[in-house]
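Have a look at the structure below before the remarks.
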Amino acid sequence: MSAAAFTLSRVSHRFDDATVAATALCDVTLSVAPGEVVALIGPSGAGKSTLLALLDGRLRDWRGRARVLGAPLSPDAPPARAHRADVGFVFQDFALIDRQSVYQNVMNGRLGRTPAWRSLWGRFGERDHMAVAAALHDTGLADLAARRADQLSGGQRQRVAIARCLAQEPRLILADEPISNLDPAHAAKLLALITGEARKRGIAVMFSSHQPELAQRFADRVVGLGDGEILFDRPAGRLSDDDIARLYYGRARGGAGLRVVGQ
Amino acid sequence: MRRAALWLVPGGAVLWALAGADIEAARIIGAGARLADFLGRMVPPDLSVWRDMMTGLAETLRIAVLGTLFAVVLSAGLGALASETLAPAAVWRPVRAVLAVIRAIPLILVAMLMVGAVGLGPLPGILAVTFHATGMLAKFYAEAIDNVSAAPVAALESAGATRAQRLRFGVWPQMAPVVLRDTVFRFELNLRESLILGIVGAGGIGLHVQTYVRSFQYEKAATVTLAIIALVLVSEAVNTALQRRFS
Ligand SMILES: Nc1ncnc2c1ncn2[C@@H]1O[C@H](COP(=O)(O)OP(=O)(O)O)[C@@H](O)[C@H]1O
Ligand SMILES: [Mg+2]
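Taken in sequence, the protein lines are chains U and B. Position one of the first sequence corresponds to residue 297 (my numbering), numbered consecutively onward. Position one of the second sequence corresponds to residue 216 (my numbering), numbered consecutively onward.
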């Protein structure tokens with residue numbers, strides 16, 4: 297068993313375009329221990345989604361080295377099925393199947409855990425149904441299980457995205473702004489759920505957020521990302537106003553990290 | 216300037232059409248009486264033809280069903296080849312061009328060619344409908360494939376879904392309603408269009424209509440016409456009901 301949930305060493309990535317090249321990540325080095333809850337904060341365009349996608353094995357053509365759950369991550373190909381099933385992801389734009397029921401959307405989180413050939417006939421095991429039921433219950437969606445996903449509010453859709461991740465029973469949870477569409481009460485409740493689940497089972501969580509107070513309340517550690525670089529990495533509660541100011545207002549170059557090619 | 220040119224084109228087209236159309240007021244005025252006479256000879260409809268009529272309608276229905284079925288099979292393959300997401304440009308561009316040409320050939324023309332190729336009867340009708348319908352259906356299927364949004368499918372991959380699972384739980388649920396709706400729509404078109412195939416000897420009820428009209432048996436033609444109207448209305452009702460179901 298490896299010591300860390302994941303480690304990144306000097307990871308960089310650029311999105312190449314015809315006219316501009318956006319440096320999304322620049323020499324990011326970061327290590328997170330099993331059971332640790334880390335908040336990733338930073339302005340829009342800082343590279344949070346890019347970093348989380350990289351850890352999820354969905355980003356191609358990055359440079360540097362990365363190990364996730366003990367296995368090296370390749371910049372060229374997605375990880376193996378068992379590894380993908382072990383890493384749970386809550387998507388910023390939810391990524392639900394609109395025409396499917398809430399139940400089936402959450403069940404989709406089980407696809408990596410259940411025998412593939414049997415699932416193709418729409419048949420899932422007892423264990424799968426139990427995991428889905430538990431996730432629906434915990435996210436307060438039990439009454440909406442039969443509802444089609446496109447007939448939900450934004451907040452309800454976000455909860456489905458979280459339930460799908462929990463039903464997956466991952467060994468590492470990555471969550472991209474998992475509470476951005478929730479009212480304060482639900483936001484706190486669901487962050488408590490995700491981080492509580494993680495603490496109970498000793499798995500690591502990294503979630504990105506625009507809300508530094510909530511981030512500090514639920515995380516052990518807060519990492520500040522600006523223009524693709526780590527600006528600070530502090531235990532929760534040790535965040536200064538200066539950190540926040542530097543992160544959100546500080547940089548002269550502007551938040552987008554865009555550089556015109558040739559400049 | 217541009218606007219003026221825009222009006223000039225349709226205006227010119229109308230003038231050109233009117234100039235050569237040979238529209239004689241006398242013929243139009245006389246038409247009312249002749250039509251009334253024609254319709255008068257259609258009543259009462261002669262119901263004695265119902266047995267022949269049912270055979271003809273059944274054949275038309277069979278042509279539409281089998282033509283649609285074979286078109287669906289062909290379109291599944293061609294639709295994938297015409298898809299921008301599944302096929303490289305070197306493949307989907309020519310495939311789409313061929314489909315456009317196929318769509319441009321009227322069904323009745325295809326039917327005449329098929330009668331020449333395989334002889335009279337429902338077989339040339341089925342082949343013609345298959346060919347003609349594939350031009351539209353394959354294009355629709357390709358669009359259904361290209362409209363599948365990638366993010367939810369990527370989410371399934373992230374959760375550990377295999378390729379087959381992603382098709383079954385991510386791609387197909389997004390495509391299915393569109394594919395079913397387009398297929399039902401195409402079936403209704405096939406049914407309507409194959410009603411006239413008999414006129415060129417490609418099977419179905421059209422032959423009876425033609426025979427009765429040519430031999431001045433208007434009471435019989437009337438029965439068949441009413442049956443055709445009923446069939447089209449029924450298929451339209453079924454289609455509408457299914458469309459609603461697939462929203
Ligand atoms: N698919 C993409 N193509 C090109 N540029 C991208 C793409 N995704 C993100 N970027 C750019 O990368 C930078 C980081 O984006 P992102 O990781 O989404 O930031 P965040 O999640 O912190 O808002 C931004 O400048 C953004 O414009
Ligand atoms: Mg983001």
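Glycine is no exception: its CB is placed at the ideal position from the N, C-alpha and C atoms.
Practice task
Please confirm if the segment 397–406 of chain B is in contact with the segment 440–459 of chain B, defined as three or more CB-CB distances below 8 angstroms between the two stretches.
Solution key: yes
Practice task
Would you check whether ligand 1 has a heavy atom nearer than 6 angstroms to the C-beta of U:SER505?
Solution key: Position 209 of the first sequence, counting from 1, holds the residue named residue 505 of chain U. The answer is no for U:SER505.
Practice task
May I ask you to report which of helix, strand or coil DSSP gives U:ARG354?
Solution key: As a first step, residue 354 of chain U is located in the first sequence; it is residue number 58 there, counting from the start. In the structure shown, U:ARG354 sits in coil (DSSP, three-state: anything other than H, G, I, E or B).
Practice task
Flag U:PHE528 as yes when its Cβ comes closer than 6 angstroms to any non-hydrogen atom of ligand 1, and as no otherwise.
Solution key: Locating residue 528 of chain U in the first sequence gives position 232, counting from the first residue. No - ligand 1 has no heavy atom lying nearer than 6 angstroms to the Cβ of U:PHE528.
Problem - Bridge partner(s) assigned by DSSP for U:ILE490 - result: Stepping through the first sequence from its first residue, residue 490 of chain U is reached at position 194. For U:ILE490, DSSP records no beta bridge to any residue.
Practice task
Please report the residue range of the beta strand (DSSP E) in which U:ILE469 lies.
Solution key: Locating residue 469 of chain U in the first sequence gives position 173, counting from the first residue. 468–471 is the extent of the beta strand (DSSP E) around U:ILE469.
Exercise for the section: Within the same chain, show all residues whose beta-carbon is closer than 8 angstroms to that of U:GLN400, passing over the 5 residues directly before and after it, in chain order. Expected result: Counting from 1 along the first sequence, the entry for residue 400 of chain U is found at position 104. If we look at U:GLN400 and ignore the five residues flanking it on each side, its Cβ neighbours are ILE393.
Problem - Pick from U:GLY451, U:LEU369, U:ALA378, U:ARG356 that is closest to U:PRO480, judged by C-alpha positions - result: Mapped onto the first sequence, residue 480 of chain U falls at position 184. It is U:GLY451.
Exercise for the section: Flag this pair as touching only if the segment 474–491 of chain U and the segment 510–527 of chain U have three or more C-beta atom pairs under 8 angstroms; answer yes or no. Expected result: yes
Handout entry: Which of helix, strand or coil DSSP assigns to U:ALA320
Key = Residue numbering aside, residue 320 of chain U sits at position 24 when the first sequence is read from its first letter. U:ALA320 falls in the strand class under three-state DSSP.
Handout entry: Beta-bridge pairing of U:LEU326 - partner residues as DSSP gives them
Key = Start at 1 with the first residue of the first sequence, and residue 326 of chain U comes out as number 30. U:LEU326 is bridged to U:LEU304.
Handout entry: alpha helix (DSSP H) runs contained entirely in the segment 266–333 of chain B, provided each spans 4 or more residues
Key = 304–319, 322–333
Exercise for the section: Taking only beta-carbon positions, decide if B:LEU395 is within less than 7 angstroms of chain U. Expected result: Counting from one through the second sequence, the residue named residue 395 of chain B turns up at place 180. With 7 angstroms as the cut-off, B:LEU395 does not count as an interface residue toward chain U.
Handout entry: N-terminal and C-terminal residue of the beta strand (DSSP E) that U:ASP529 is part of
Key = Here residue 529 of chain U refers to the residue found at position 233 of the first sequence. Its beta strand (DSSP E) spans residues 525–531.
Exercise for the section: With a threshold of 6 angstroms, establish whether the CB of B:GLN380 neighbours any heavy atom of ligand 2. Expected result: For the purposes of this step, residue 380 of chain B is taken as the residue at position 165 of the second sequence. No, ligand 2 has no heavy atom inside 6 angstroms of this Cβ.
Practice task
Could you tell me which residues DSSP puts in a beta bridge with U:VAL519?
Solution key: As a working mapping, residue 519 of chain U is identified with position 223 in the first sequence. U:VAL519 is bridged to U:LEU336, U:ASP529.
Practice task
Indicate, with yes or no, if ligand 1 has a heavy atom lying under 6 angstroms from the CB of U:PHE311.
Solution key: To locate residue 311 of chain U, count along the first sequence from 1; it is residue 15. Yes; taking the cut-off as 6 angstroms, the Cβ of U:PHE311 has a heavy atom of ligand 1 nearer than that.
Practice task
Starting from B:ALA379, find everything on chain U with Cβ-Cβ shorter than 7 angstroms and list it in chain order.
Solution key: Residue numbering aside, residue 379 of chain B sits at position 164 when the second sequence is read from its first letter. Chain U residues near B:ALA379: ALA412, LEU416.
Handout entry: 7 angstroms Cβ cutoff, U:ALA381 in contact with chain B
Key = The residue labelled residue 381 of chain U in the question sits at position 85 within the first sequence. Yes, U:ALA381 counts as interfacial toward chain B.
Exercise for the section: Work out the CA separation of B:PRO321 and B:VAL310 for me, nearest whole Å. Expected result: The residue you call residue 310 of chain B lines up with position 95 of the second sequence. The residue you call residue 321 of chain B lines up with position 106 of the second sequence. Using only the alpha carbons, I get a separation of about 19 angstroms.
Exercise for the section: Please indicate yes or no: does the CB of B:SER364 lie closer than 6 angstroms to some heavy atom of ligand 1? Expected result: The sequence position of residue 364 of chain B within the second sequence is 149, counting from 1. The answer is no for B:SER364.
Exercise for the section: Starting from U:GLY405, find everything on chain B with Cβ-Cβ shorter than 8 angstroms and list it in chain order. Expected result: To locate residue 405 of chain U, count along the first sequence from 1; it is residue 109. Simply ALA374.
Exercise for the section: Select from U:ARG443, U:ARG444, U:ARG453, U:GLY418 the residue whose C-alpha is nearest the C-alpha of B:ALA379. Expected result: On the second sequence, residue 379 of chain B is found 164 positions in, with the first residue counted as 1. Of the candidates U:ARG443, U:ARG444, U:ARG453, U:GLY418, the one whose C-alpha sits nearest the C-alpha of B:ALA379 is U:GLY418.
Exercise for the section: Look up U:GLY436 in the DSSP assignment and say whether it is helix, strand or coil. Expected result: Taking the first residue of the first sequence as position 1, residue 436 of chain U is located at position 140. It is coil, neither helix nor strand.
Handout entry: Contact between the segment 318–327 of chain U and the segment 344–363 of chain U (3+ Cβ pairs under 8 angstroms)
Key = The segment 318–327 of chain U, when compared against the segment 344–363 of chain U, does touch it at the 8 angstroms Cβ threshold.
Handout entry: Any non-hydrogen atom of ligand 2 within 6 angstroms of U:GLN454 CB
Key = Taking the first sequence and counting its residues from 1, one reaches residue 454 of chain U at position 158. No, the beta carbon of U:GLN454 sits no closer than 6 angstroms to any heavy atom of ligand 2.
Handout entry: Interface flag, U:ILE475 vs chain B, CB-CB below 7 angstroms
Key = Position 179 of the first sequence, counted from the first residue, corresponds to residue 475 of chain U. Output row for U:ILE475: interface = no.
Handout entry: Contact set between U:PRO374 and chain B, taken where Cβ atoms lie within less than 7 angstroms
Key = Taking the first sequence and counting its residues from 1, one reaches residue 374 of chain U at position 78. GLU372, listed in chain order.
Handout entry: Exposure label - U:ALA617; buried when at least 16 CB within 10 Å
Key = The question about residue 617 of chain U has no answer here: the residues shown for chain U are numbered 297 through 559.
Practice task
Name the one or two DSSP bridge partners that U:HIS379 has.
Solution key: Numbered from its first residue, the first sequence carries residue 379 of chain U at position 83. Looking at the DSSP assignment, U:HIS379 forms no beta bridge with any residue, so it has no partner.
Practice task
Taking U:SER505 as part of the alpha helix (DSSP H), name the residues at either end of that continuous run.
Solution key: Taking the first residue of the first sequence as position 1, residue 505 of chain U is located at position 209. Segment 500–505 is the beta strand (DSSP E) holding U:SER505; no alpha helix (DSSP H) there.
Problem - Coarse secondary structure for B:GLY416, derived from DSSP in three states - result: Along the second sequence, read from residue 1 onward, the residue named residue 416 of chain B stands at position 201. Collapsing the DSSP output to three states places B:GLY416 in coil.
Handout entry: Neighbour-count burial assignment, B:TRP231, 16 or more Cβ in a 10 Å radius
Key = Position 16 of the second sequence, counted from the start, is the residue given in the question as residue 231 of chain B. Exposed, by the Cβ-count rule.
Practice task
Can you give me the start and stop residues for the beta strand (DSSP E) that U:ARG443 sits inside?
Solution key: Position 147 of the first sequence, counted from the start, is the residue given in the question as residue 443 of chain U. Counting along the chain, U:ARG443 falls outside any beta strand (DSSP E), and DSSP gives it neither H nor E.
Handout entry: Check whether B:ALA353 and B:SER298 have beta carbons under 7 angstroms apart
Key = Position 138 of the second sequence, counted from the start, is the residue given in the question as residue 353 of chain B. Position 83 of the second sequence, counted from the start, is the residue given in the question as residue 298 of chain B. Their beta carbons are not under 7 angstroms apart, which means B:ALA353 does not touch B:SER298 by this criterion.
Problem - Given U:ASP523 as reference, the closest of U:VAL428, U:SER449, U:LEU543 once Cα atoms are compared - result: As a first step, residue 523 of chain U is located in the first sequence; it is residue number 227 there, counting from the start. Comparing Cα positions, the closest option is U:LEU543.
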